[in-house]
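Engineer: Questions regarding the structure given below will be posed in turn.
Residue numbers (our numbering): 273 to 641.
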């Protein structure tokens with residue numbers, strides 16, 4: 273059988289998402305499990321989205337709108353951008369895949385950063401492309417280093433802003449200088465999955481580049497985080513009309529289901545829910561910082577709905593110990609950060625429970641030394 277396999281596919285190590293609550297309860301026989309591993313919204317979905325999806329259930333025997341017309345129309349109103357400049361994906365991850373499928377050939381290159389979203393190098397490998405990871409500076413993207421890494425075979429640059437898993441961001445002045453120097457043959461993809469949680473005043477507003485029809489810039493966003501629709505898998509990209517038309521040629525028909533489209537439209541109209549989601553994260557981060565500082569733990573200040581924490585020991589072991597106590601968080605070993613864990617900002621009760629269990633686990637670990 274292996275003679276049919278492509279070598280560069282065979283060598284891929286599959287992406288491992290965080291374990292679902294049901295699996296942990298089943299495996300460990302636990303009655304109460306808290307998941308703070310996948311940066312989901314602890315408030316759940318908006319009630320408006322739930323009502324809209326319930327009303328649409330009677331039509332799930334019909335294929336969805338393959339063009340996502342109503343959602344594009346609603347996004348067009350939201351951003352004052354023509355509907356032709358949006359592409360809707362089965363999560364923003366699918367649009368990352370479309371970029372690779374549309375623009376990468378074997379031997380081409382993606383350039384990004386170390387300690388960033390694991391899907392970027394994974395996508396490169398699926399196309400037989402190479403991936404250059406530029407070292408970070410103080411847990412932030414080094415845009416000058418990325419510029420230096422560009423060569424004639426570079427096709428795509430991925431910048432997660434804010435970055436997953438560090439929660440850091442690149443500033444307006446840095447980004448504008450960077451974009452002025454990027455060669456025209458390179459596409460720059462800004463992955464803005466966590467943009468709704470940003471409080472920083474110098475965070476770059478890049479939509480005007482798309483409105484100006486810049487040919488090599490695409491912005492990605494998602495309904496999984498602030499809108500609480502992760503289980504529906506729906507996201508979108510904003511780019512020039514020409515790029516959107518081209519990406520549409522490699523998009524599968526009916527790639528986004530009917531309920532996801534309807535739920536996303538309704539979620540966009542629920543401004544109060546979005547405000548509550550932002551407030552929960554903003555307050556939760558400050559609470560977290562105070563507690564972690566009292567514990568004398570180092571953390572990376574975040575502009576996202578998670579915090580990266582240095583536990584100063586093997587993160588996998590800490591996560592395993594927390595898991596046995598019904599707390600799911602993410603070890604960052606696979607991201608090149610073996611002593612760090614990433615913890616989603618949950619409700620106040622969930623954060624209090626995490627802090628309590630972390631103290632128990634670290635005290636027990638220290639007692640073994």
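Ideal Cβ placement from N, Cα and C applies to all residues, glycine included.
Being a predicted model, the structure only gives us computed values, none of them experimental.
(1) Pick helix, strand or coil for residue 633, following the three-state DSSP scheme.
(2) Within 8 Å, do at least three Cβ pairs link the stretch 366–374 to the stretch 508–523?
(3) Ends of the alpha helix (DSSP H) at residue 326?
(4) Please work out which residues of its chain come closer than 8 Å, Cβ to Cβ, to residue 422, disregarding the five sequence neighbours upstream and downstream, and give them in chain order.
(5) Can the beta-carbon of residue 485 be found less than 8 Å from the beta-carbon of residue 513?
(6) Would you report the Cα separation of residue 363 and residue 530, rounded to the nearest angstrom?
(7) So, using beta-carbon positions, are residue 532 and residue 324 closer together than 8 Å?
(8) CB residue 615 to CB residue 578, shorter than 8 Å?
(9) Rounding to the nearest angstrom, what Cα-Cα distance links residue 374 and residue 305 in this structure?
(10) Using 8 Å as the cut-off, can you tell me whether the stretch 570–586 makes contact with the stretch 438–449, which would need three or more C-beta pairs spanning the two stretches below that distance?
(11) Express the C-alpha separation of residue 437 and residue 311 in angstroms, rounding to a whole number.
(12) Quick one: which unbroken beta strand (DSSP E) runs of 3-plus residues sit fully inside the stretch 385–416? Chain order, please.
(13) What first and last residue would you give for the beta strand (DSSP E) that runs through residue 508?
(14) Run through the DSSP bridge pairs and tell me what residue 572 is partnered with.
(15) Considering only their Cβ atoms, is the gap separating residue 516 from residue 358 smaller than 8 Å?
(16) Using DSSP with H/G/I as helix, E/B as strand and the rest coil, what is residue 599?
(17) In the DSSP assignment, what residue or residues form a beta bridge with residue 614?
(18) Per DSSP, what kind of secondary structure is residue 307 in: helix, strand or coil?
(19) Which runs of the alpha helix (DSSP H) fall wholly inside the stretch 329–354 and span at least 4 residues, in chain order?
(20) What ranges does the alpha helix (DSSP H) occupy inside the stretch 432–484, keeping only unbroken runs of at least 4 residues that lie completely in it?
(21) Output the distance between the C-alpha atoms of residue 400 and residue 320, rounded to the nearest integer angstrom.
(22) Ignoring anything shorter than 3 residues, give me the beta strand (DSSP E) runs that lie fully in the stretch 483–551, in order along the chain.
(23) Pick helix, strand or coil for residue 428, following the three-state DSSP scheme.
(24) Should residue 629 and residue 594 be called a contact, given that it needs their Cβ atoms to be closer than 8 Å?
(25) When DSSP builds the beta bridges, which residues end up paired with residue 361?
(26) Apart from the five residues on each side of it in sequence, which residues of its chain come closer than 6 Å, Cβ to Cβ, to residue 402?
(27) Going along the chain, which residues of its own chain have a beta-carbon closer than 6 Å to the beta-carbon of residue 519, five neighbours each way excluded?
(28) If you reduce the DSSP assignment to three classes, tell me which class residue 383 lands in.
(29) Could you check if residue 287 is buried or exposed, using at least 16 other CB atoms within 10 Å of its CB as the buried criterion?
(30) Exposed or buried, what is residue 316 when buried is set at 16 or more other beta-carbons lying within 10 Å of its beta-carbon?
Structural biologist: Put simply:
(1) Three-state result, residue 633: helix.
(2) By the Cβ test, the stretch 508–523 is in contact with the stretch 366–374, since at least three Cβ pairs between them sit closer than 8 Å.
(3) Looking at the DSSP string, the run of the alpha helix (DSSP H) that includes residue 326 is 319–328.
(4) If we look at residue 422 and ignore the five residues flanking it on each side, its Cβ neighbours are 383, 429, 454, 455 and 458.
(5) Closer than 8 Å, so yes.
(6) Between the alpha carbons of residue 363 and residue 530 lies a gap of roughly 14 Å.
(7) It is not a contact, given that the beta carbons lie outside the stated cut-off.
(8) Inclusion of residue 615 and residue 578 in the CB contact set at 8 Å is warranted, their separation being smaller than that value.
(9) Near 41 Å, if we compare the C-alpha coordinates of residue 305 and residue 374.
(10) Segments in contact, yes.
(11) Distance from the CA atom of residue 311 to the CA atom of residue 437, rounded to whole angstroms, is 10 Å.
(12) You should have 402–406.
(13) Annotation: the continuous beta strand (DSSP E) that includes residue 508 extends over 507–511.
(14) In DSSP, residue 572 forms a bridge with 580.
(15) It is a contact, given that the beta carbons lie within the stated cut-off.
(16) Strand at residue 599.
(17) According to DSSP, residue 614 bridges with 580 and 602.
(18) Judged by DSSP in its simplified three-state form, residue 307 adopts strand.
(19) Counting only runs of 4 or more, we get 341–351.
(20) Fully enclosed alpha helix (DSSP H) runs of 4 or longer: 444–453 and 479–483.
(21) Taking C-alpha positions only, residue 400 is separated from residue 320 by approximately 43 Å.
(22) Counting only runs of 3 or more, we get 489–494 and 507–511.
(23) Here residue 428 sits in strand by DSSP.
(24) The answer is yes: Cβ separation under 8 Å.
(25) Note: residue 361 sits in a beta bridge opposite 507.
(26) Excluding sequence positions up to five before and after residue 402, its CB lies within less than 6 Å of the CB of 381, all in the same chain and listed in chain order.
(27) Hits under 6 Å: 359, 370 and 374.
(28) If DSSP states are grouped into helix, strand and coil, residue 383 belongs with the strands.
(29) Counting Cβ neighbours within 10 Å, residue 287 comes out exposed, since fewer than 16 surround it.
(30) With fewer than 16 Cβ atoms within 10 Å of its Cβ, residue 316 is classed as exposed.
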